[in-house]
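Asker: So that we are looking at the same thing, I have put the structure below in structure tokens.
What follows is the structure, encoded as structure tokens:
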């Protein structure tokens, strides 16, 4: 069975600092991986996805993630945090039927 | 941009009452998911449909919850009778049936059972 582990339920960075949100997955088949962002009182919004091909994936709002098969990781990064990046971030892996398995989420706080 | 629409956005009701939440998936999407989000449990998959047929509802308490898709433009999630522990945000998402396609989420129904 597939699973997703997000290390750190809360991450705090200063504005302008690097953002690194960690995600590890387990999957018996080549995975499709996703990062979603949730702002307060809103649904989840797709940030980026990895399906096949290039392992470095660029998403919206300056975020990117790198698929590392050897490490079973799909960490999310952004070079310079902005106040508007404060939100909860979810990593997810898809199962064969197309339904997603979500991690428990990481709340990102950005300090001025 | 096409969006998943959920109604109502907020619902407050008393224990024992029936609650119906509605979802209009994105036109052309053939898969619809229902999730529940709480602080304690995070995001839980309750049920999902493909081409209007239920594929998996193992995440749903069967005695009080029911999910249906009367037609391709409407999915419903009902709770009868409701209990305080059902208080949560319920999300609907839609997508295509291939695993490499993302799900698109609505803004949720925030349910409070008093």
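Residue numbers (this note's numbering), protein chains in the order written: chain A, 42 to 153; chain B, 4 to 117. Backbone N, C-alpha and C define an ideal beta-carbon position, used for all residues, glycine too. Since the model is a prediction, treat every value here as computed from it, not as a measurement.
What did DSSP end up calling residue 145 of chain A once you bin it into helix, strand or coil?
Answerer: If DSSP states are grouped into helix, strand and coil, residue 145 of chain A belongs with coil.
Asker: Considering only the alpha carbon of each residue, which of B:36, B:67, B:95 lies closest to residue 10 of chain B?
Answerer: Measuring from the Cα of residue 10 of chain B, the nearest candidate turns out to be B:95.
Asker: Nearest chain B C-beta to residue 115 of chain A closer than 8 angstroms, yes or no?
Answerer: Judged by the 8 angstroms Cβ criterion, residue 115 of chain A is not in contact with chain B.
Asker: Compute the distance between the beta-carbons of residue 79 of chain B and residue 25 of chain B, then report whether it is under 8 angstroms.
Answerer: For residue 79 of chain B and residue 25 of chain B, yes; Cβs fall inside 8 angstroms.
Asker: My output table needs one value for residue 111 of chain B: the three-state DSSP class, helix, strand or coil.
Answerer: Three-state DSSP puts residue 111 of chain B in coil, outside helix and strand.
Asker: Tell me whether the beta-carbon of residue 85 of chain A lies closer than 8 angstroms to the beta-carbon of residue 104 of chain A.
Answerer: For residue 85 of chain A and residue 104 of chain A, no; Cβs fall outside 8 angstroms.
Asker: With a threshold of 8 angstroms between beta carbons, is residue 69 of chain B in contact with chain A?
Answerer: Answer no: the Cβ-Cβ gap between residue 69 of chain B and chain A never drops below 8 angstroms.
Asker: Run through the DSSP bridge pairs and tell me what residue 19 of chain A is partnered with.
Answerer: Outside the displayed range of chain A (42 to 153) lies residue 19 of chain A, so it cannot be described from this structure.
Asker: Work out the CA separation of residue 123 of chain A and residue 106 of chain B for me, nearest whole Å.
Answerer: Computed Cα separation, rounded: 26 angstroms.
Asker: What does residue 141 of chain A reach in chain B if we use C-beta pairs closer than 7 angstroms?
Answerer: The answer, in chain order, is 106.
Asker: Mind pulling the beta strand (DSSP E) runs of 3 or more residues that sit fully within the segment 81 to 116 of chain A?
Answerer: Entirely contained in the segment 81 to 116 of chain A, the beta strand (DSSP E) runs reaching 3 residues are, in chain order, 85 to 91, 97 to 99, 105 to 109.
Asker: If we count the other Cβ atoms within 10 Å of its Cβ and call it buried at 16 or more, is residue 67 of chain A buried or exposed?
Answerer: It counts as exposed.
Asker: So, is residue 20 of chain B buried or exposed, given that buried needs 16 or more other C-beta atoms within 10 angstroms?
Answerer: So residue 20 of chain B ends up on the exposed side.
Asker: Hey, does residue 103 of chain B have any beta-carbon neighbour from chain A nearer than 8 angstroms?
Answerer: Closer than 8 angstroms: yes.
Asker: Counting pairs of beta carbons, one from the segment 64 to 75 of chain B and one from the segment 57 to 77 of chain A, are three or more of them closer than 8 angstroms?
Answerer: Flag = no, the segment 64 to 75 of chain B and the segment 57 to 77 of chain A do not touch.
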